[in-house]
Each structure stands twice: as structure tokens, then as C-alpha cells.
Amino acid sequence: MGTPGFDFGTPPFDLLDAVGQARVEAAIDLAFFPPGSVLIEAGKPSAQVFVVLRGEVEAGDIEDGQERLFSDYGPGEVFGAFAVITGRARHRYRARGEVLAFLLPAAVFRELLAGQPRFAAWFHEGLSAKRQLLAEKNAPAESNRLMLTRVRDARLAPAVRVPPATPIGTAVAALRQHGVECLLVGAADGEDGEDVDDGPGIVTRTDLLDALALEGHGLASPIGPLAHRPLIGVREDDVLFQALVTMTEAHIERVAVRRGAEVVGTIGLAEVLSHYASQSHLISLRLARASSEAEVVEAAREMTGLVRTLFAQGAKISYLMELVSALNSRLLARLFEFCLPAETRAGLCLLVLGSEGRREQILKTDQDNALIIAGEQAPPGLAEAMARFSAQLAAIGYPPCAGGVMASNPHWRQTLAGWRGRIAAWRRQGDPVSLMELAMVVDARPVAGDRHLVQALHEDLMALGRDELLMHRMIEAAFHFDTPLTLFGRVRQGEAGTDIKKGGIFPLVHGLRTLALRHGVARNNSFARCEGLVAAGALPGELGRDVPQALAVFQRLRLAQQFDALAAGRLPDNTLDIAALRHLDRELLRDALRVVNRFKAHLREVFHLRGMA
Numbered sequence: 004m005g006t007p008g009f010d011f012g013t014p015p016f017d018l019l020d021a022v023g024q025a026r027v028e029a030a031i032d033l034a035f036f037p038p039g040s041v042l043i044e045a046g047k048p049s050a051q052v053f054v055v056l057r058g059e060v061e062a063g064d065i066e067d068g069q070e071r072l073f074s075d076y077g078p079g080e081v082f083g084a085f086a087v088i089t090g091r092a093r094h095r096y097r098a099r100g101e102v103l104a105f106l107l108p109a110a111v112f113r114e115l116l117a118g119q120p121r122f123a124a125w126f127h128e129g130l131s132a133k134r135q136l137l138a139e140k141n142a143p144a145e146s147n148r149l150m151l152t153r154v155r156d157a158r159l160a161p162a163v164r165v166p167p168a169t170p171i172g173t174a175v176a177a178l179r180q181h182g183v184e185c186l187l188v189g190a191a192d193g194e195d196g197e198d199v200d201d202g203p204g205i206v207t208r209t210d211l212l213d214a215l216a217l218e219g220h221g222l223a224s225p226i227g228p229l230a231h232r233p234l235i236g237v238r239e240d241d242v243l244f245q246a247l248v249t250m251t252e253a254h255i256e257r258v259a260v261r262r263g264a265e266v267v268g269t270i271g272l273a274e275v276l277s278h279y280a281s282q283s284h285l286i287s288l289r290l291a292r293a294s295s296e297a298e299v300v301e302a303a304r305e306m307t308g309l310v311r312t313l314f315a316q317g318a319k320i321s322y323l324m325e326l327v328s329a330l331n332s333r334l335l336a337r338l339f340e341f342c343l344p345a346e347t348r349a350g351l352c353l354l355v356l357g358s359e360g361r362r363e364q365i366l367k368t369d370q371d372n373a374l375i376i377a378g379e380q381a382p383p384g385l386a387e388a389m390a391r392f393s394a395q396l397a398a399i400g401y402p403p404c405a406g407g408v409m410a411s412n413p414h415w416r417q418t419l420a421g422w423r424g425r426i427a428a429w430r431r432q433g434d435p436v437s438l439m440e441l442a443m444v445v446d447a448r449p450v451a452g453d454r455h456l457v458q459a460l461h462e463d464l465m466a467l468g469r470d471e472l473l474m475h476r477m478i479e480a481a482f483h484f485d486t487p488l489t490l491f492g493r494v495r496q497g498e499a500g501t502d503i504k505k506g507g508i509f510p511l512v513h514g515l516r517t518l519a520l521r522h523g524v525a526r527n528n529s530f531a532r533c534e535g536l537v538a539a540g541a542l543p544g545e546l547g548r549d550v551p552q553a554l555a556v557f558q559r560l561r562l563a564q565q566f567d568a569l570a571a572g573r574l575p576d577n578t579l580d581i582a583a584l585r586h587l588d589r590e591l592l593r594d595a596l597r598v599v600n601r602f603k604a605h606l607r608e609v610f611h612l613r614g615m616a
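Position one of the sequence shown corresponds to residue 4 (my numbering), numbered consecutively onward.
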């Protein structure tokens, strides 16, 4: 019989259309269960799916004659779906006290799975489907559409190809004839007929104007030497936002669009920005045109507002990370330029470490950077220049690192030989401080100066992955912090909230970092490492799918509460107020923390660890 009062406003029942809701309303019943009642027995099928109205139900497993609690379910939560779908329950479900629950007959539930795709995805696709639902709920319809627009759906300029011997005058005529802003230039042939360049290049209208007006070229000069290589591009099935990130990172205003290996067109900044009310490129332009450190600082202060706007528009966390990373890299490079003359910078390499090195920083955090010196000793005035560099970062809002991990600290400012010796020492010592410093440098990414200097360090670092003893010592840090789940599977919160960095983000990031080093996966972004580990057969496919989803959940929930803190005049931190989360957010968080536990179990198995929580 139908039962009034059932809430269709909470997931997953808010995914049903009007027909589906009417079907539930007609079939659902309400039942009372006294304390201790077994609602579903482990290994048995269930005749219905349960939705708790009042009270709590605990799920447990029987091991060696003892019951081990797995989770619990409170008002608004659903259980029994797996038992209906597979024909057998994974756990025993028992009423902790008096329980009132809605009962949805198994036959009706299966009917809904067959006829309601979004409802079915909730149960079949797990964390991914729940995140998609949340994105749809959070983002305004128009903004969400824009964030999902593909490059192929935008207005592409045709790919006009010319040989490298084409005279500048002919190239200008081709631009006018085809109504384009750039030409694709073929690779130049050497004397033996072999290509001397790696693939096609690109020449823009501005390049031709500069060649004629500023560089002394004539109309008969060939355009081949003017071409920019390698050709930077995006795939036609990339989201349009990726094109914006790529242009920002490469400091360019047009990219090639590829379908497989074929270039099918180009897209420019104007076309991309016509889809987005984004100030990212304005910040990038201000950084590029800044004539003083003060102007760099002023432009950088707008970045938090940009992130807030894009986050509110529904931008994916991974896109935000890439865009912020591109802008931060440009910011650091510009400050570095103002602090040191070009001839000095040529013998240095500025590295970013930690979350910025992994391209996973969104809001400003502590300065984490280091410097490689090419020569045998530091150039004159370097200490003063790096102190000035750190002071300018502090003025922008990047506070000095409490642990002194900054290029202004001589410990993090070493010659290339010094760094290689440091890596050897970390391997030899293997103590907690050495392992912490090693982990930071494994994530290092060059942002200014001679970026080739980091290659030798990278080779030394990757060689460490073959040292099994070192890898065992390194992975132990992933277990330093407990996952904040109670014995009943609920999210545990202290007086100050739940530290999601310690309990969720760090174990995943550090575990992926160590696995990548061990298996020679030469990537430093956590999402890319996860993908590489799956491809290498070092991470099961299902876990490789769920770990990035869990990371994105943690990052999004943390960012939302960090913006709330900023709005209230408080300093943002890594804690989550669980009571302030919506029902779906709490469910996502709990699911994501369970992924952390599964990932830790995988690490224990891979590294043959015992006694690690």
C-alpha cells in the first residue's frame, strides 16, 4: 500500500521522474522493527530495499564466530539494494534500537533500475555517479553546460597548411584569403630529404607583422624560420575548458585541434572566452605585461576571486587545479625574473614542491619551493635575491613555510651536485626527516630558469624506486593518520572538525607517489599517477577508478568550506564541519573514506605490511 510522508527530495529517489516517484508511492510500505531484529541476513536475498525513517540499523560481518561491525544506517539512508541486485546480502543488518523503515518491494526496485537510468547509475556506478549528481545539483544549468562543452562543438578555424619555403608576402595573402589568424607550416627538409623539425609549426598574423616591422625580414623571406614548434594543441573531444588551461599555461592565444594524429583546425582565445565569463586570461595578460613586482602582486591577488567564480560555476576540481597551476607557474616565473638578471637565471632552476609541484594546489598555501644551481657555487647576490623572492610571495598571500621549505633557505638552495648528494643521503639514511624531504622533491616541478637542470635529479629519484627497503620505509607514512571512520562506518569528527588532509588526502597522495616511484611511473600529478599505475598493472582497475573520484570529493568539500571560512573572515584550513554538510555530501564523504581504507588495504598487501591501520 502507499505510504504518505516519503521524502523524494533526497538521493537517490530525487533521480526518479514523476512516473518513477508515483510507482514508489504506490508500492512502498512502512514497518516497525524492535531492537535486535535482523532485517537482512548475510548471504541471503532480500525481499525489499529499506529506507530508514527513524532509529539506526547496524551492518556487520561474522568472522571466527565474532560479529565485526562494518557500518550503520540512520534516517534517510538506504540499505538492502545490493542484496536485491545480486541475490545475496554482503552483511547482516540488525536494528540497534527501535527502527521505523520504509520498505520498497524488490520487484518494484528492479523495475525502477530497468526503467530509470539515472536512478540505476546511483547503485551501479557508485562514487562516480554520486559526484555527477552533485555537480548537476550545484552548478547552474548554463554554467554546467559550458563546463561540458567540447572543443569540437566550438567555432574552429580551418587548418591552412603551407610549406616552409612560402614567402611572407604569400603567407599574408593566404591569411586574408582563408580568413584565418594563423598558418600551419610543414617541417623543413634537410639536404638528405630528412625532416629537420619535429612535425608542423605555426605562424600567426602577429609573427608575420613582427618579422616585417621589427626583425628586418622582407616580403620574399620564407616563413619556415618563423614557425613556432612544437605545435601545441588539444584533442577535439577535450572539454573547451582544457583549451583555456592549455593557452594559459603555454602563454599563447591559439592552439591546434587534433583528431587522432590529424590537425583538423585551430581555436583561439577569443572563441574560447566567448563561452566563458572568465578572467583567467586577463590575469595571465597582466602578469605577462607587468613592468614591476608591484604589478605582479596586484594581478596575483585576483586569483582567489577567479577560483571562487569558476568553482561556483561548476568547474571540475581537476580543471581548477590545472588552471591555477598554470597561473601560479607564470606568477612565480615573473617574480623570479624581477629578482634576478637573465644571465643569472640561465644557471638556475626554480622548483615548486608539494601540492604545487603536483599541480593540485587551488588556494594559496605555504611557500614550498627550491632552487638548483648549475655551477659549483652560488652566483653573487643569490641569497638576497631569494629572500626578496620569498618576501614578494608573502605579500601576495603565500605565507613562509613553517618548516623553511623555501629557496630563501640555503638548505633548499643547492648546486646540482649538492642535490644529487642529498638524494643519495636520503636513500642511505631513510629516517623520517629524510623521507619527508624525499617525498617533497619527488613531486618537484620546474617553473623558471633552466628547466633541463631537473632532469638529472629526476633520473636519480626514479632510480630510488628499485630500492625495496627504502620503498617500505617510505610507504609507512601513508598509515600515520587513521581514516576518520568509526567502527560503525560513520565519519568521525573531533571538536575542531575532521582533518580531511590527514585522514583522506594524504594517504592517497602519498600512496600513489610511492607506488609510482616503485613502478617507474614518471608522473607527478596524483590523478596522472593513478592512471599510469593502472596502465602498468600496478593498481586494480576498480581501485584506479575510485581513488581519483575520492580525491576529487575531498578537494571539493574542503574547498567549499575554505571559501565559507574566507567569507566569514577566518583563515581556511583542512578541517571539515561534518554537521554543516548536506546529506549527499556526507554520503559522498563516507564513500570516499571507504575508498581510502580499500587503498590502504591494497598497500598493505603490495608491501606485505602487518599492523598498519
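Yeah, the Cβ is synthetic: ideal placement off N, Cα and C, and Gly gets one too.
- 8 angstroms or more divides the Cβ of residue 487 from the Cβ of residue 591.
- Runs of the alpha helix (DSSP H) lying entirely within the stretch 493 to 551 and spanning at least 4 residues, in chain order: 509 to 521 and 529 to 538.
- By the neighbour-count criterion, in which a residue is buried when 16 or more other Cβ atoms sit within 10 angstroms of its Cβ, residue 435 is exposed.
- Measuring C-alpha to C-alpha distances from residue 374 to each of 342, 419, 302 and 361 identifies 419 as the nearest.
- A direct Cα-Cα distance of roughly 30 angstroms separates residue 327 from residue 187.
- Relative to the Cα of residue 96, the nearest Cα in the group 108, 114 and 51 belongs to 51.
- Runs of beta strand (DSSP E) with 3 or more residues, each lying fully within the stretch 246 to 334, are found at 257 to 262 and 265 to 271, listed in chain order.
- If the five residues before and after residue 223 are omitted, its C-beta is found closer than 6 angstroms to the C-beta atoms of 170, all from its own chain and listed in chain order.
- About 6 angstroms separates the Cβ atoms of residue 35 and residue 103, confirming a contact at the 8 angstroms cut-off.
- The continuous stretches of alpha helix (DSSP H) do not include residue 372, which lies in the beta strand (DSSP E) extending over residues 372 to 376.
- When DSSP reads this structure, residue 52 sits in a beta bridge with 107.
- Secondary structure at residue 488: strand, using DSSP grouped into helix, strand and coil.
- Cβ-Cβ distances below 8 angstroms link residue 506 to 484, 485, 486, 487, 596 and 599 in the same chain, with the five nearest sequence neighbours on each side left out; the list follows chain order.
- Under a 10 Å Cβ-count criterion, residue 214 is classified as buried, with 16 or more other Cβ atoms of the shown protein chains found around its own Cβ.
- Its chain contains 229 as the residues whose beta carbon lies nearer than 7 angstroms to that of residue 210, once the 5 sequence neighbours on both sides are disregarded; these appear in chain order.
- For residue 183, there is no enclosing beta strand (DSSP E), since its DSSP letter is neither H nor E.
- Taken through DSSP and simplified to helix, strand or coil, residue 469 comes out as helix.
- Spanning the alpha carbons of residue 323 and residue 309 requires a straight line of approximately 10 angstroms.
- Cβ-Cβ separation between residue 290 and residue 257: approximately 19 angstroms, too far for a contact (criterion under 8 angstroms).
- The shortest CA-to-CA distance from residue 190 to any of 174, 226 and 184 is the one to 226.
- Under the three-state reduction of DSSP output, residue 81 falls in the strand class.
- Contact between residue 19 and residue 122 holds: their C-beta atoms lie close to 6 angstroms from each other, under 8 angstroms.
- Residue 437 places its beta carbon 8 angstroms or farther from that of residue 447.
- Between residue 338 and residue 287 the beta-carbon gap is near 15 angstroms, outside 8 angstroms, which marks them as no contact.
- Only buried fits residue 509, as 16 or more other CB atoms lie within 10 angstroms of its CB.
- One alpha carbon belongs to residue 80, the other to residue 500, and they sit about 23 angstroms apart.
- DSSP, reduced to helix, strand and coil, places residue 605 within a helical segment of the structure shown.
- Counting the other CB atoms within 10 Å of its CB gives residue 530 a total of 16 or more, which places it among the buried residues.
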